[in-house]
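First to last, the sequence lines map onto chains A and B.
All letters in the first sequence, in the order written, are residues 0 to 391 by numbering that gives the first Met the number 0.
All letters in the second sequence, in the order written, are residues 0 to 272 by numbering that gives the first Met the number 0.
A quick write-up on the structure given underneath.
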Amino acid sequence: MSNVMKEYFLDLDRAAKDPARKVAWCTSVGPAEILRAMGFEVFFPENHGAMLGATRVCMETIPVANAHGYSPEICSYLTSDIGAYIKGITPLTKAFGIEEIPRPDVLVYNTNQCKDVMHWFEYYASEFSAPIFGIHPPTNLPEIKPEYIDDVARQFEALIHFLEPVIGHPMNRESLKTTVALSLEATNLWSEVLNLAQAVPSPMTFFDSTIYMGPIVVLRGTEIAVKYYKDLLGELKEKIQENHAAVPEENKRIYWDGMPVWGRLRDQSNIFKENKACVVASTYCNSWIFSDFDPEDPLPSMARAYIKIFINRNDQYKEDYIERMVRDFKIDGVIFMAARTCPNNSNSSYNLPRKLKDKGIPTIIIDGDLCDLRCYSDEQSTTLIEAFLETI
Amino acid sequence: MDGTEEIYWGVDCGSSEIKVVALDGQGNILLKRKKKTLFPLQDHVRQALTGEDLTPFSSDVSGDIKAGHKIIATGYGRKYISFAHDALTEIKAHFIGVQKQCDLKDAYSIIDIGGQDSKVIAARNNKVDQFVINRKCAAGTGAYIEELGHRLEVPLKDMTELARNNDKALSLNSFCTVFSGQEVIKTLMNGERIENIIYALYSSVVKRVMEMTAITTDIVVFSGGVLEFHPELVNMFARKLEENNANITCILSPNAQYCGAIGAAEYGFKSSE
Chain A
0 MSNVMKEYFL
10 DLDRAAKDPA
20 RKVAWCTSVG
30 PAEILRAMGF
40 EVFFPENHGA
50 MLGATRVCME
60 TIPVANAHGY
70 SPEICSYLTS
80 DIGAYIKGIT
90 PLTKAFGIEE
100 IPRPDVLVYN
110 TNQCKDVMHW
120 FEYYASEFSA
130 PIFGIHPPTN
140 LPEIKPEYID
150 DVARQFEALI
160 HFLEPVIGHP
170 MNRESLKTTV
180 ALSLEATNLW
190 SEVLNLAQAV
200 PSPMTFFDST
210 IYMGPIVVLR
220 GTEIAVKYYK
230 DLLGELKEKI
240 QENHAAVPEE
250 NKRIYWDGMP
260 VWGRLRDQSN
270 IFKENKACVV
280 ASTYCNSWIF
290 SDFDPEDPLP
300 SMARAYIKIF
310 INRNDQYKED
320 YIERMVRDFK
330 IDGVIFMAAR
340 TCPNNSNSSY
350 NLPRKLKDKG
360 IPTIIIDGDL
370 CDLRCYSDEQ
380 STTLIEAFLE
390 TI
Chain B
0 MDGTEEIYWG
10 VDCGSSEIKV
20 VALDGQGNIL
30 LKRKKKTLFP
40 LQDHVRQALT
50 GEDLTPFSSD
60 VSGDIKAGHK
70 IIATGYGRKY
80 ISFAHDALTE
90 IKAHFIGVQK
100 QCDLKDAYSI
110 IDIGGQDSKV
120 IAARNNKVDQ
130 FVINRKCAAG
140 TGAYIEELGH
150 RLEVPLKDMT
160 ELARNNDKAL
170 SLNSFCTVFS
180 GQEVIKTLMN
190 GERIENIIYA
200 LYSSVVKRVM
210 EMTAITTDIV
220 VFSGGVLEFH
230 PELVNMFARK
240 LEENNANITC
250 ILSPNAQYCG
260 AIGAAEYGFK
270 SSE
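The structure is reproduced here in structure tokens:
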């Protein structure tokens, strides 16, 4: 895994320094397939935000963004990342010897997850004087109507027309089909990987999956991602055959809703392990399953896949989805992580935990954040998790 | 146990005080002790456990644990007591402590206000069914009362009497202890009586706890040191609960401050059965 990510970032760095190659920035659930098919190397600022969180460098950079007018209440990926840019640092330096993030030739965002990405990308478009394009799909959907798909497919078509002058030639439509086919293969493999956690005991935890998910976020549409997940699938299947338990003596199985607390992955993983509980499934890691991709119908199928995501749905869909996961993964309880700076990815605010509880599914809410550890109490979270595990 | 004395110690290592309880081999409470939470924590827990009448240590305070003695830790410091035989969260400890002392068969709720957090626990069918802990802020906790008492230079022991002598139902709005402090100062500058301010402070604690969750049981038990030492606060909780449920029965647990420690000791006792 570390080699795959290292090669990805080193190649991005080379591309940024090579006038013959173009770099596009894209949101994590944005139309990366279009960018890849057009020959762009793709950088994902949210992935950079997660790295800032996991390394806890964000605790130096968030305050810088706050002091420059970005509220502590908005997306802490954004504040971590913009603060790092202002401060002139990146975790890529320590990890891979890369001096700076790759300069964009174009920025493309999709507000299917939130509108903060728009503010975030607009900041950089201004900083780098780079062209920017936004996809604005319908949001919070109870169902996926054909007109929504038409709308977004047309926006993708407009994006292609916008990008063609940047690369200097029309897009090769066959290349898009190939890229979507590779994305589909990788995402199906990723889905298979995650579903292996239905095994009892589970061969993997949510905390493992937050690491395994790197390539499906940053390398979908490539052979590299396909190979990575084929290999991973094989390794995990072997573990199941050997009856390997990610959490020895696993006796409780937990579902995690919401973002990871990136700066506390190890600590939280240890809390669960000490209590013989395995977090076997999550909304977050499942968010990069795009089974609707169809290489023969690339733009409408991408439109469907990218508006269908969990975060872009109404509460009833989310309730039904979690219930299904509870059943399929033999879950004993659901933890909702209420991220202070990410209301869109926090599903505890509109009574969903209580509704599930009323259906006999134990739930608990933990306050925290994806990056900003000022919003997280180690002591209180530990007590909440342990008391929850004692109770179920 | 080969004629060896059996003693079950519960240590509730809270943010303000370390509470210690010992049970004998039949589960009877032998002693209760407390001392201020100071650091290094383990040294102070050892001191709290050590007494002339009874100690779990074989020689002096730094000695090994005697055969037959079992120590169970709870509270925020539970993980830092390396010589404890086991640990459980304060949620479970308070539940067991109340269960042991109050002999309640039916569904009931526990309101526990501690130094740095407040909890509401719903117990059904002899187990914890649900619980909530205050979120994000100190308002509604012992720290909140202590901080504002300090700013007003009112000793904690005088607060109940002052609150009872209020002549106005003032309230404080803020979720935040610091902003509440500002509200208090502004109100004082406007010439308000201290009795009304203390009433408002208590009232704010009640509101902060009552908005954590809907209490649906007909019995509510109060535990924790804050409620033991602020009887008017218990009365105000009871009045508020009666507004929503005329049939409610409110009980202050015996040894309210020691409920967690008693629960931890009882857990050790029951585990050995």
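Here a beta-carbon is modelled for each residue, glycine too, at the ideal position from N, C-alpha and C.
So, under 8 Å CB-CB, residue i and residue j are touching, yes? Tell me the CB distance rounded to an integer number of Å.
i                     : j                     : result
residue 292 (chain A) : residue 182 (chain A) : 6 Å
residue 107 (chain A) : residue 132 (chain A) : 5 Å
residue 206 (chain A) : residue 268 (chain A) : 4 Å
residue 10 (chain B)  : residue 70 (chain B)  : 6 Å
residue 365 (chain A) : residue 383 (chain A) : 5 Å
residue 288 (chain A) : residue 325 (chain A) : That pair is no contact at about 17 Å.
residue 143 (chain A) : residue 30 (chain A)  : Contact doesn't hold; Cβ gap of about 17 Å is too wide.
residue 381 (chain A) : residue 270 (chain A) : 6 Å
residue 190 (chain A) : residue 300 (chain A) : Their Cβ separation, rounded to whole angstroms, is 16 Å, which puts residue 190 (chain A) and residue 300 (chain A) out of contact at 8 Å.
residue 75 (chain A)  : residue 319 (chain A) : Not a contact, Cβ separation roughly 29 Å.
residue 162 (chain B) : residue 231 (chain B) : 5 Å
Is it buried or exposed, residue i, if we count other Cβ atoms within 10 angstroms and call 16 or more buried?
i                     : result
residue 172 (chain A) : exposed
residue 332 (chain A) : buried
residue 278 (chain A) : buried
residue 163 (chain A) : exposed
residue 177 (chain B) : exposed
residue 0 (chain B)   : Below a pLDDT of 50, predicted positions are generally treated as unreliable, and residue 0 (chain B), at 44, falls in that range; the measurement from the model is reported next regardless. Counting Cβ neighbours within 10 Å, residue 0 (chain B) comes out exposed, since fewer than 16 surround it.
residue 188 (chain B) : exposed
residue 373 (chain A) : exposed
residue 56 (chain A)  : buried
residue 59 (chain B)  : exposed
residue 26 (chain B)  : exposed
residue 210 (chain A) : exposed
residue 123 (chain B) : exposed
residue 66 (chain B)  : exposed
residue 6 (chain B)   : buried
residue 45 (chain B)  : buried
According to DSSP, which residues form a beta bridge with residue i?
i                     : result
residue 129 (chain B) : B:121
residue 145 (chain B) : Paired residues: none, contrary to the question.
residue 112 (chain B) : B:117
residue 337 (chain A) : A:366
residue 277 (chain A) : A:252
residue 17 (chain B)  : B:12 and B:34
residue 120 (chain A) : DSSP output for residue 120 (chain A) lists no bridge partner at all.
residue 69 (chain B)  : B:7
residue 22 (chain A)  : A:40
residue 86 (chain B)  : B:72
residue 312 (chain A) : A:140
residue 28 (chain B)  : B:22
residue 161 (chain A) : Bridge partners of residue 161 (chain A): none, in fact.
residue 332 (chain A) : A:253
residue 64 (chain B)  : B:56
Following the continuous alpha helix (DSSP H) through residue i, name the residue where it begins and the one where it ends.
i                     : result
residue 397 (chain A) : In this structure chain A extends from 0 to 391, so residue 397 (chain A) is not present and cannot be described.
residue 101 (chain B) : 89 to 101
residue 236 (chain B) : 230 to 243
residue 109 (chain A) : No alpha helix (DSSP H) contains residue 109 (chain A), which is instead part of the beta strand (DSSP E) from 105 to 109.
residue 180 (chain A) : 172 to 194
residue 213 (chain A) : 213 to 217
residue 162 (chain B) : 155 to 163
residue 240 (chain A) : 222 to 240
residue 168 (chain A) : Unbroken run through residue 168 (chain A): none, as it is neither H nor E.
residue 169 (chain B) : Element bounds for residue 169 (chain B): n/a, residue is neither H nor E.
Tell me where the beta strand (DSSP E) around residue i begins and ends.
i                     : result
residue 41 (chain A)  : 40 to 42
residue 248 (chain B) : 248 to 251
residue 9 (chain B)   : 6 to 12
residue 426 (chain A) : Because chain A here runs from 0 to 391, residue 426 (chain A) falls outside it and cannot be looked at.
residue 221 (chain B) : 218 to 222
At 7 Å on the CB atoms, spell out the chain E contacts of residue i, in chain order.
i                     : result
residue 386 (chain A) : Any reference to chain E falls outside this structure, whose protein chains are A and B.
- Message: Quick check: the stretch 116 to 130 of chain B against the stretch 82 to 92 of chain B, are at least 3 beta-carbon pairs closer than 8 Å?
- Response: yes
- Task: Check whether the stretch 216 to 226 of chain B touches the stretch 252 to 260 of chain B, taking contact to mean three or more Cβ pairs, one atom from each stretch, closer than 8 Å.
- Result: yes
- Would you call the stretch 231 to 244 of chain A and the stretch 336 to 346 of chain A in contact, with 3 or more CB pairs under 8 Å? no
- Is the stretch 39 to 46 of chain A touching the stretch 59 to 71 of chain A, taking contact as three or more C-beta pairs under 8 Å? no
- May I ask you to verify whether the stretch 4 to 19 of chain A touches the stretch 144 to 159 of chain A, counting CB pairs closer than 8 Å and requiring at least 3? no
- Task: Examine the Cβ distances between the stretch 83 to 93 of chain A and the stretch 111 to 120 of chain A and report whether three or more of them are shorter than 8 Å.
- Result: no
- Do the stretch 226 to 242 of chain B and the stretch 41 to 60 of chain B meet, that is, are 3 or more Cβ pairs less than 8 Å apart? no
- Message: Pairs of beta-carbons, one from the stretch 251 to 260 of chain A and one from the stretch 214 to 228 of chain A, closer than 8 Å: are there three or more?
- Response: no
- Message: Using 8 Å as the cut-off, can you tell me whether the stretch 211 to 218 of chain B makes contact with the stretch 141 to 154 of chain B, which would need three or more C-beta pairs spanning the two stretches below that distance?
- Response: no
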